[in-house]
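Q:
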Amino acid sequence: MRVDLTDSLSSLLPKEAFGFSVPSSLPAALRTDVETIIAPGSVEEVAMLLQWASERGVGVVPIGTGGHTYPRCPSDPFIVLTTSRLNEIQHYEPADLTMTAGAGVLIRDLATEMAIHGQWLPFDPPDVRNRTLGGLVATGLSGPLWAGYGQLRNHVLGATIVCGDGQTLRLGGKVVKNVAGFDILKPMVGSRGELAIITSATVRIFPLPVVDRLLVLEAADISELVPTARAIATAPIMPASVSLRATSNRSRLLVRLHGAQVSVDSDQKSLEKHTSVSFEVRDSPEDQSLMLEERGGGMNTELAVRVWALPSRIDALLDVLKQVPGASLNADVYGGSVRAYLPEQISDIESSLTGLQKDIEELGGTMRALQIPAEVNASAYFTKPLADEGELASGLKRAFDPQSILWGIG
Amino acid sequence: MTRPLPSTVVSDLAEIVGHEHVITDPERLLVYESDGLTAYRRPPRAVVLPSSTEEISAVVELLHSNGIEVIPRGAGTGLSGGALTTPEGVIVGTARMNRILKIDVENRLAIAQPGVINARLTEATNPYGLYYAPDPSSQSTCTLGGNVAENSGGPHCLKYGVTARYVTGLTVVLAGGRIVQLGGVGRDPYSTLDLVGLFVGSEGCFGIATEIEIRLLPITEGVRTLLGIFESVESAGRAVTKIMASGLMPAAVEIVDGPTIEAVEASVFAAGYPLEAGAALVIEFDGTEAGLDLDADRAEKCCLEEGAIEVQRATDPEHRVKLWRARKKAFGAMGRIAPDLLVQDATVPRTKLPEVLAGIDDIGNRYGLKIANVFHAGDGNLHPNILFDRQNQNELELVELASKEIMQLCVDAGGTITGEHGVGVDKREYMTLVHGPAELEAMAAAKRVFDPASLFNPGKVLPDVEGEGTTKSEKILAMGE
């Protein structure tokens, strides 16, 4: 960043906002060196910073911890803004089952606090505990547990956001039902910082299930597990989540049942009768977390894609992805989506991705590159939104970030 | 006097939808002069009833190109005046768009036209072991399109969530008749912004949903319904807080207060509730049969600990219907005790229910107005119903003052001005209680993205700056007389 801009920023914000170390994965994700990270300590400081940036045409890349940043190519000059110092739980009323916290609070810290009251936030995208609340809301990721609890977007009750021009907006509220006006909070969830920076959020939380049972079925090949997975997805009993995981040497079907002991026992029996299989039961939390965390095990690879199709086409999606030797696959059976972590040494990344995308789209599906080596153009490998949707989204972008300084969707 | 549409526009509309589906006869237009909130009345210039996305598109294109405002309307059961026409508006009704286009059992999805009655979708999907979860009280008459416009709730939304959770994709007709697809299962939801989520609850101000992709759920194995009788609504409110804080996840938790019980028991809907009761609490659990008795036992214990006089449990489906009757028929029964009823709608944090209910009681006493509460207690969604006579000008003004105080009370308790009925025309002036100028401008900006010339349902949701100073009772009288 230019010296005059650095000087100007130093006079704007207190010294605590500077000196944050650059997350190791960030330069690769942003395809450029990152010298400085700014950490505003309040919504007012975020607002000042964005107004400053907007007036000078300086781009802003919002991050949480920076550990889950997807590829973006911001053009100079830009700054990276972390929400790390917006890390206070502002309001928690266990009896209301709602919590308001700063965007920079880590999910694992929220989980610790909520567990004291027998509550939790039932979302499980990969590595969720190391994500921030703001990051979770900004990415809109729910994980396979959405099947049992609904998607995150339906449980974000309110948020304070700062728009691209520094305007602060308080959206939604702290109550679980609220239709007071147009729901402009909804497009903020999952907007990845494209419209505004989320500085705090209020979320609906849930009682921890008395029993959290993981049923496991193993097979040599993931294809052998698909019929059982699909049978569960259309069974009268609806588990909290159903996912499939395959690595080069092992494939597993993971089914989570939540509830009281008697109902979980009954659900397991019903599912075993319905599918004519006998599951291995994992009730120990350590055992479970090991197995569930594995879902994010491929995250450190530099090459990953996510694909979607109708849930009934999950077999076809997996057939396509299996063609990539060494691919590690995580499928959300109810959601009809698969994350594929691909070996970086595949011979020709660009043609492989092009081929994958073509095959997926021929199935009526869509594909998005999640992680991609710096030398490859990330934006080339995702199925574009429909033209009308893109135009409406652009209209919202102009309304909330008029100078287009926020580098949200790359 | 409503200005008639130019005859060329009428004939062009008839060309699109057929003569019999363009209504201009003033007597027939009277049916469309209000929605479920009858305090606001104004006949439209015409009503058009298209039967397909293409017809809606052509109708909207024609009307918008003539600068004529379009007022979308489903079954007209809304309770915030959302389907009230503007003086220059034409109502586009979805009554003929009543087909379920697809039931995809494998993916648990349905695609329906907006005029499909809410309950009909559940009836049609029941044979496949599926149902549609959101169940507004008007579900036997309200339409899915109306539910999308209002983001409707219902008793069982406590566990299952409101309409937005179940709408996965939309075909919409926007300004000028443009047909646009939004979202849809099987597509990358992160490829763009959540436009479906933004459209749901936009109260007909962004466009008209013409095809709705809906997520269905498997029918639950069992259900348990309890009825707790309490001496006061406050103790019933405390029982609700206790149940919800105990880790239980009921499907529905509803309160019917003493004045409502009185009205119901005096009506044809009498359910046998004790007349001396201060409140009744309907609690329902659903899910796997095996765990339900345990849940019901725990909820019963919570009620008794908070002073319930008795707790009944439904023994068969007929008994369940009976326990629900007072809740379901409350609005109808109130017609017996007052000529007019203002159904209010606000949400507060659940833990604030006892103090807010006491505050509402106090407001009623101060204004000398009878207020009956029947509401979704589990999610803090209050429906204080003010009973009045609109012919009595003095009382009408008191209703307005009391309403505003109730809204302020709920907002001060950390709540909001509407939980499920929408803002419509009725609550525009209360929007400033919960939103600042910047938030209201942001909402207006979002509307402009979809409807730049404000030709879809103008004058709804967002307050008019120039409208300040006109009281609601003046507006009601001006339009109603």
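Protein sequence lines correspond, in order, to chains Y and S. At position 60 of the first sequence the residue is numbered 60 (the numbering used here), and the sequence of numbers has no breaks. At position 4 of the second sequence the residue is numbered 1004 (the numbering used here), and the sequence of numbers has no breaks. Quick reminder that beta carbons are idealized off the backbone N, C-alpha and C, glycines included. All values reported here derive from a predicted model rather than from experimental measurement.
Provide the residue span of the alpha helix (DSSP H) that contains Y1160(S), from first to last.
A: That run of the alpha helix (DSSP H) goes 1157 to 1160.
Q: Taking Cβ-Cβ distances shorter than 9 Å, what residues in chain Y pair up with K1447(S)?
A: Correct list: F182.
Q: Which residues does DSSP pair with I1212(S) in a beta bridge?
A: Looking at the DSSP assignment, I1212(S) forms a beta bridge with A1112(S), L1170(S).
Q: Kindly say whether N377(Y), judged by its beta-carbon, lies nearer than 8 Å to any beta-carbon of chain S.
A: By this cut-off, N377(Y) is not an interface position.
Q: G173(Y) to R204(Y), Cα distance in whole Å?
A: One C-alpha to the other measures close to 11 Å.
Q: Which first and last residues belong to the beta strand (DSSP E) in which W308(Y) is found?
A: 304 to 308 is the extent of the beta strand (DSSP E) around W308(Y).
Q: Going by other Cβ atoms of all chains shown within 10 Å of its Cβ, with 16 needed for buried, is Q357(Y) buried or exposed?
A: Result: buried.
Q: Give me the DSSP bridge partner(s) of T168(Y).
A: V162(Y), per the DSSP bridge assignment.
Q: If we define contact as Cβ-Cβ less than 8 Å, is T1235(S) a contact residue for chain Y?
A: According to the sequence shown, residue 1235(S) is Ser rather than Thr. Output row for S1235(S): interface = no.
Q: Let me know the alpha helix (DSSP H) ranges lying completely inside the segment 236 to 284 of chain Y, each 4 residues or longer, listed in chain order.
A: You should have 261 to 275.
Q: Return yes when the C-beta of G1258(S) is under 7 Å from any heavy atom of the ligand ADP, and no when it is not.
A: By its list of ligands, the structure shown contains no ligand whatsoever, and the ligand ADP lies outside what it can speak to.
Q: Give me the residue from R313(Y), R245(Y), G41(Y), P236(Y) with the minimum Cα distance to T1220(S).
A: The option with the nearest alpha carbon to T1220(S) is P236(Y).
Q: Is R1224(S) buried or exposed, if buried means 16 or more other CB atoms sit within 10 Å of its CB?
A: With 16 or more Cβ atoms within 10 Å of its Cβ, R1224(S) is classed as buried.
Q: For D1379(S), is the classification buried or exposed, using 16 other Cβ atoms within 10 angstroms of its Cβ as the cut-off for buried?
A: Buried is the call here.
Q: Give the secondary structure of T199(Y) by DSSP, where H, G and I count as helix, E and B as strand, and everything else as coil.
A: T199(Y) falls in the strand class under three-state DSSP.
Q: Only counting runs of 3 or more residues, tell me where the beta strand (DSSP E) segments fall wholly within the segment 111 to 196 of chain Y, in order along the chain.
A: Complete beta strand (DSSP E) runs here, min 3: 156 to 163, 168 to 172.
Q: Between the segment 308 to 320 of chain Y and chain S, which residues of the former have CB atoms less than 7 Å from a CB of the latter, in chain order?
A: Under the 7 Å Cβ criterion, the segment 308 to 320 of chain Y contributes W308, A309, L310, P311, S312.
Q: Is the segment 206 to 225 of chain Y touching the segment 245 to 256 of chain Y in the sense that three or more CB pairs, one from each, lie closer than 8 Å?
A: Yes: at least three Cβ pairs fall under 8 Å.
Q: With distances taken Cα to Cα, identify the nearest neighbour of L1409(S) among P1006(S), G1364(S), S1051(S), G1184(S).
A: For the residues P1006(S), G1364(S), S1051(S), G1184(S), the minimum Cα distance to L1409(S) belongs to G1364(S).
Q: Just the Cα atoms here: how many angstroms apart are V305(Y) and L370(Y)?
A: C-alpha separation (whole angstroms): 5 Å.
Q: Could you check what DSSP says for A1346(S) in three-state terms: helix, strand or coil?
A: The answer is strand: DSSP assigns A1346(S) an E or B state.
Q: Roughly how many angstroms lie between the CA atoms of E35(Y) and I1212(S), to the nearest whole one?
A: For E35(Y) and I1212(S), the distance between alpha carbons rounds to 48 Å.
Q: Once DSSP output is grouped into helix, strand and coil, what is the label at V1374(S)?
A: Strand.
Q: What did DSSP end up calling N1365(S) once you bin it into helix, strand or coil?
A: DSSP places N1365(S) in helix when its eight states are reduced to three.
Q: Between S1137(S) and chain Y, is the shortest Cβ-Cβ distance under 8 Å, so that the two count as touching?
A: Not closer than 8 Å to any Cβ of chain Y, the Cβ of S1137(S) fails to qualify, so no.
Q: Across which residues does DSSP place A1280(S) in a beta bridge pair?
A: Per DSSP, I1229(S), V1256(S).
Q: Kindly indicate if chain Y contains any beta-carbon less than 8 Å away from that of T1171(S).
A: By this cut-off, T1171(S) is not an interface position.
Q: Checking contacts by CB at 8 Å: is P41(Y) closer than that to chain S?
A: Correcting the residue identity first, residue 41(Y) is Gly in this sequence and not Pro. No - not a single Cβ of chain S is within 8 Å of the one on G41(Y).
Q: Please name the residues in the segment 137 to 170 of chain Y whose beta-carbon is closer than 9 Å to at least one beta-carbon of chain S, in chain order.
A: Hits within the stretch, in order: T139, G140, L141, G150, Q151, R153, N154, H155, C163, Q167, T168, L169, R170.
Q: Does the segment 1231 to 1242 of chain S come close enough to the segment 1337 to 1356 of chain S to have 3 or more Cβ pairs within less than 8 Å?
A: The segment 1231 to 1242 of chain S vs the segment 1337 to 1356 of chain S: in contact.
Q: Sorted by chain position, which residues of the same chain lie with C-beta nearer than 8 Å to S1473(S)'s C-beta, five sequence neighbours on each side aside?
A: Residue confidence is low: S1473(S) scores 48 on pLDDT, short of 50, so the model does not pin down where it sits. No coordinate-derived value is stated.
Q: Please work out which residues of its chain come closer than 6 Å, Cβ to Cβ, to I409(Y), disregarding the five sequence neighbours upstream and downstream, and give them in chain order.
A: Confidence at I409(Y) is low in this model, with a pLDDT of 46, below 50, so its placement is unreliable and the value that follows should be read with caution. Cβ within range, chain order: R192, E194.
Q: Check the Cβ-Cβ distances between G410(Y) and every residue of chain S, and say whether any is below 8 Å.
A: Low confidence applies to G410(Y): its pLDDT is 36, below 50, so where it sits in the model is not reliable, and the reading given next is rough at best. No, G410(Y) lies away from the interface with chain S (no Cβ there is under 8 Å from its Cβ).
Q: Round the Cβ separation of L303(Y) and L329(Y) to the nearest angstrom and send it over; I've been treating them as touching at under 8 Å.
A: 13 Å between Cβ atoms; not a contact.
Q: Residues of chain S with CB closer than 9 Å to the CB of R213(Y), please, in chain order.
A: The premise fails here: R213(Y) is roughly 13 Å from chain S at the closest Cβ pair, so nothing lies under 9 Å.
Q: Residue range of the beta strand (DSSP E) that H91(Y) falls in?
A: Its beta strand (DSSP E) spans residues 89 to 93.
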